[in-house]
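Taking it in order: structure first as C-alpha coordinates, then the write-up.
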Amino acid sequence: MIVAAALPLIGEHGAAVTTSQIARAAGIGEATIFRAFKDKDELLDACVAEAVGVDHVLRELASVPLVEPLATRLTEAAEALCAHMERMGTVVRSLYATGRHRERGLPPQPRADGAPPEDPRTRSFRALQDAVVELIEPDREVLRLGPERVAAAFLGLLFSRLPSPAGPGHSPLTTEELVSVLLRGTLTDPGSA
2 MIVAAALPLI GEHGAAVTTS QIARAAGIGE ATIFRAFKDK DELLDACVAE AVGVDHVLRE
62 LASVPLVEPL ATRLTEAAEA LCAHMERMGT VVRSLYATGR HRERGLPPQP RADGAPPEDP
122 RTRSFRALQD AVVELIEPDR EVLRLGPERV AAAFLGLLFS RLPSPAGPGH SPLTTEELVS
182 VLLRGTLTDP GSA
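The sequence shown: position 37 = 38 (the working numbering), numbered continuously.
So this is what it looks like as C-alpha coordinates:
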(Lines of atoms letter the chains of each structure in order from A and count residues from 1; the text may use other names and numbers.)
(Lines give C-alpha, C1' and ligand atoms only; values in the text may rest on other atoms or scores of the structure.)
Protein backbone atom coordinates (compact mmCIF):
# COMPACT_ATOMS: atom_id res chain seq x y z
CA MET A 1 0.00 0.00 0.00
CA ILE A 2 2.84 2.38 0.83
CA VAL A 3 4.76 1.56 -2.34
CA ALA A 4 1.62 1.90 -4.47
CA ALA A 5 0.98 5.35 -3.00
CA ALA A 6 4.61 6.36 -3.43
CA LEU A 7 5.06 5.42 -7.10
CA PRO A 8 3.05 8.30 -8.65
CA LEU A 9 4.69 10.75 -6.24
CA ILE A 10 8.14 9.49 -7.21
CA GLY A 11 7.19 9.93 -10.85
CA GLU A 12 6.34 13.55 -10.07
CA HIS A 13 9.00 14.49 -7.49
CA GLY A 14 11.73 11.88 -7.87
CA ALA A 15 13.97 11.35 -4.86
CA ALA A 16 12.83 14.71 -3.48
CA VAL A 17 9.47 13.20 -2.47
CA THR A 18 9.01 13.34 1.28
CA THR A 19 7.83 10.57 3.55
CA SER A 20 5.17 13.01 4.73
CA GLN A 21 3.79 13.29 1.17
CA ILE A 22 3.82 9.50 0.82
CA ALA A 23 2.05 9.02 4.16
CA ARG A 24 -0.69 11.48 3.17
CA ALA A 25 -1.17 9.75 -0.18
CA ALA A 26 -1.36 6.34 1.53
CA GLY A 27 -3.75 7.64 4.21
CA ILE A 28 -1.43 6.61 7.05
CA GLY A 29 0.75 8.30 9.64
CA GLU A 30 4.35 9.01 8.69
CA ALA A 31 5.59 6.77 11.53
CA THR A 32 3.89 3.81 9.85
CA ILE A 33 6.29 4.16 6.93
CA PHE A 34 9.23 3.71 9.28
CA ARG A 35 7.68 0.60 10.81
CA ALA A 36 7.62 -0.93 7.32
CA PHE A 37 10.91 0.51 6.01
CA LYS A 38 14.10 1.28 7.89
CA ASP A 39 14.56 4.58 6.03
CA LYS A 40 13.54 6.51 2.93
CA ASP A 41 16.28 4.84 0.86
CA GLU A 42 14.83 1.41 1.61
CA LEU A 43 11.38 2.69 0.60
CA LEU A 44 12.78 4.10 -2.66
CA ASP A 45 14.51 0.77 -3.35
CA ALA A 46 11.19 -1.03 -2.82
CA CYS A 47 9.53 1.39 -5.23
CA VAL A 48 12.17 0.77 -7.90
CA ALA A 49 11.80 -3.00 -7.41
CA GLU A 50 8.02 -2.67 -7.85
CA ALA A 51 8.38 -0.43 -10.92
CA VAL A 52 10.80 -2.75 -12.71
CA GLY A 53 9.15 -5.96 -11.50
CA VAL A 54 7.00 -7.84 -13.99
CA ASP A 55 4.42 -9.43 -11.69
CA HIS A 56 1.75 -6.82 -12.46
CA VAL A 57 2.15 -7.05 -16.24
CA LEU A 58 2.27 -10.86 -16.07
CA ARG A 59 -1.13 -10.81 -14.34
CA GLU A 60 -2.46 -8.51 -17.07
CA LEU A 61 -1.14 -10.81 -19.80
CA ALA A 62 -2.64 -13.85 -18.08
CA SER A 63 -6.04 -12.12 -18.03
CA VAL A 64 -6.18 -11.66 -21.83
CA PRO A 65 -8.93 -14.04 -23.05
CA LEU A 66 -7.49 -16.77 -25.28
CA VAL A 67 -10.79 -16.93 -27.21
CA GLU A 68 -10.14 -13.48 -28.72
CA PRO A 69 -8.57 -13.30 -32.21
CA LEU A 70 -4.76 -13.39 -32.19
CA ALA A 71 -4.48 -9.77 -33.34
CA THR A 72 -6.69 -8.65 -30.43
CA ARG A 73 -4.70 -10.72 -27.93
CA LEU A 74 -1.40 -9.28 -29.17
CA THR A 75 -2.74 -5.73 -29.20
CA GLU A 76 -3.88 -6.10 -25.58
CA ALA A 77 -0.49 -7.59 -24.69
CA ALA A 78 1.32 -4.73 -26.43
CA GLU A 79 -0.74 -2.15 -24.57
CA ALA A 80 -0.06 -3.84 -21.21
CA LEU A 81 3.67 -4.10 -21.95
CA CYS A 82 3.88 -0.48 -23.15
CA ALA A 83 2.12 0.72 -19.99
CA HIS A 84 4.58 -1.33 -17.90
CA MET A 85 7.58 0.16 -19.72
CA GLU A 86 6.16 3.67 -19.31
CA ARG A 87 5.62 3.20 -15.55
CA MET A 88 9.09 1.77 -15.17
CA GLY A 89 10.69 4.54 -17.22
CA THR A 90 8.85 7.29 -15.37
CA VAL A 91 10.02 6.11 -11.95
CA VAL A 92 13.61 5.37 -12.94
CA ARG A 93 14.03 8.59 -14.98
CA SER A 94 12.54 10.71 -12.22
CA LEU A 95 14.79 9.23 -9.56
CA TYR A 96 17.85 9.55 -11.78
CA ALA A 97 17.00 13.16 -12.67
CA THR A 98 16.80 14.07 -8.99
CA GLY A 99 20.18 12.63 -8.08
CA ARG A 100 19.49 9.00 -7.21
CA HIS A 101 21.88 7.15 -9.50
CA ARG A 102 22.55 3.95 -7.66
CA GLU A 103 20.91 0.70 -8.53
CA ARG A 104 20.81 -2.12 -6.05
CA GLY A 105 20.65 -5.27 -8.08
CA LEU A 106 19.10 -8.46 -6.84
CA PRO A 107 21.43 -11.46 -6.73
CA PRO A 108 21.09 -14.06 -9.47
CA GLN A 109 18.73 -16.87 -8.49
CA PRO A 110 19.61 -20.56 -8.92
CA ARG A 111 17.61 -22.28 -11.65
CA ALA A 112 15.57 -25.42 -11.11
CA ASP A 113 17.19 -27.11 -14.12
CA GLY A 114 20.69 -26.79 -12.63
CA ALA A 115 21.83 -24.29 -15.29
CA PRO A 116 23.88 -21.28 -14.19
CA PRO A 117 21.90 -18.60 -12.33
CA GLU A 118 20.10 -15.95 -14.37
CA ASP A 119 20.31 -12.29 -13.59
CA PRO A 120 16.95 -10.67 -12.69
CA ARG A 121 16.59 -8.88 -16.04
CA THR A 122 17.03 -12.11 -18.00
CA ARG A 123 14.59 -13.88 -15.68
CA SER A 124 12.01 -11.10 -16.12
CA PHE A 125 12.37 -11.09 -19.89
CA ARG A 126 12.00 -14.87 -20.00
CA ALA A 127 8.80 -14.65 -17.92
CA LEU A 128 7.39 -12.00 -20.27
CA GLN A 129 8.30 -14.07 -23.32
CA ASP A 130 6.69 -17.18 -21.82
CA ALA A 131 3.49 -15.21 -21.13
CA VAL A 132 3.37 -13.97 -24.73
CA VAL A 133 3.99 -17.51 -26.02
CA GLU A 134 0.91 -18.63 -24.04
CA LEU A 135 -1.15 -15.93 -25.79
CA ILE A 136 0.05 -17.09 -29.21
CA GLU A 137 -0.09 -20.85 -28.63
CA PRO A 138 -3.81 -21.33 -29.53
CA ASP A 139 -2.97 -20.23 -33.10
CA ARG A 140 0.09 -22.47 -33.56
CA GLU A 141 -1.43 -24.30 -36.52
CA VAL A 142 -1.91 -21.16 -38.65
CA LEU A 143 1.55 -19.68 -38.03
CA ARG A 144 4.57 -20.08 -40.31
CA LEU A 145 6.83 -19.86 -37.25
CA GLY A 146 6.40 -21.45 -33.84
CA PRO A 147 4.85 -19.39 -31.02
CA GLU A 148 8.28 -18.97 -29.41
CA ARG A 149 9.70 -17.32 -32.54
CA VAL A 150 6.60 -15.16 -33.04
CA ALA A 151 6.80 -14.06 -29.39
CA ALA A 152 10.49 -13.15 -29.82
CA ALA A 153 9.67 -11.12 -32.95
CA PHE A 154 6.73 -9.43 -31.18
CA LEU A 155 8.83 -8.43 -28.17
CA GLY A 156 11.69 -7.30 -30.41
CA LEU A 157 9.37 -5.04 -32.38
CA LEU A 158 7.67 -3.79 -29.24
CA PHE A 159 10.84 -3.01 -27.30
CA SER A 160 12.40 -1.23 -30.28
CA ARG A 161 9.43 1.16 -30.73
CA LEU A 162 11.42 4.33 -30.31
CA PRO A 163 10.19 7.79 -31.24
CA SER A 164 11.53 8.89 -34.59
CA PRO A 165 14.22 11.59 -34.53
CA ALA A 166 12.54 13.11 -37.62
CA GLY A 167 10.40 15.30 -35.37
CA PRO A 168 6.68 16.00 -35.07
CA GLY A 169 4.40 13.77 -37.05
CA HIS A 170 6.85 10.89 -36.95
CA SER A 171 5.67 8.87 -33.98
CA PRO A 172 6.47 5.25 -33.19
CA LEU A 173 4.20 2.50 -34.50
CA THR A 174 0.91 2.21 -32.66
CA THR A 175 0.24 -1.12 -31.00
CA GLU A 176 -2.27 -1.93 -33.76
CA GLU A 177 0.29 -1.11 -36.49
CA LEU A 178 2.95 -3.18 -34.74
CA VAL A 179 0.65 -6.21 -34.54
CA SER A 180 -0.42 -5.75 -38.16
CA VAL A 181 3.20 -5.66 -39.36
CA LEU A 182 4.00 -8.74 -37.27
CA LEU A 183 1.05 -10.77 -38.51
CA ARG A 184 0.67 -9.47 -42.08
CA GLY A 185 3.98 -7.84 -43.03
CA THR A 186 4.25 -4.49 -44.76
CA LEU A 187 3.34 -5.39 -48.34
CA THR A 188 -0.21 -4.71 -49.51
CA ASP A 189 0.13 -7.77 -51.74
CA PRO A 190 2.65 -10.27 -50.33
CA GLY A 191 3.08 -11.84 -53.78
CA SER A 192 4.20 -8.53 -55.31
CA ALA A 193 7.69 -8.61 -53.88
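Glycine included, every Cβ here is placed at the ideal spot set by N, Cα and C. The structure displayed is predicted, hence computed values, not measured ones.
Looking at the backbone, the Cα of Ala-79 and that of Thr-176 are separated by about 6 Å. Counting the other Cβ atoms within 10 Å of the Cβ of Thr-19 gives fewer than 16, which makes it exposed. Residues Ala-128, Leu-129, Ala-132 of the same chain have their beta carbon placed closer than 8 Å to that of Leu-59, with the five preceding and five following residues left out of the count. Judged by DSSP in its simplified three-state form, Lys-39 adopts coil rather than helix or strand. If the five residues before and after Ser-125 are omitted, its C-beta is found closer than 6 Å to the C-beta atoms of Val-55, all from its own chain and listed in chain order. Segment contact: the segment 81–100 against the segment 11–25, three or more CB-CB distances shorter than 8 Å; contact assigned. In the three-state reduction of the DSSP assignment, Asp-190 falls in the coil class, being assigned neither a helical nor a strand state.
In this structure, DSSP gives Pro-139 a helical state, which the three-state scheme calls helix. The alpha carbon of Ala-24 has as its nearest neighbour, out of Ala-6, Glu-51, Val-65, Asp-114, the alpha carbon of Ala-6.
For Pro-121, the secondary structure class from DSSP, reduced to helix, strand or coil, is helix. The straight-line gap separating the alpha-carbon atoms of Pro-121 and Ala-47 is approximately 15 Å. The Cβ-Cβ distance between Ala-152 and Val-180 does not fall below 7 Å.
Ala-81 places its beta carbon less than 7 Å from that of Glu-61. Between Ile-3 and Ala-26, the C-beta spacing is not below 7 Å. Sequence-distant Cβ neighbours of Phe-155 in its own chain, meaning closer than 7 Å and more than five residues away, are Leu-75, Val-133, Leu-183.
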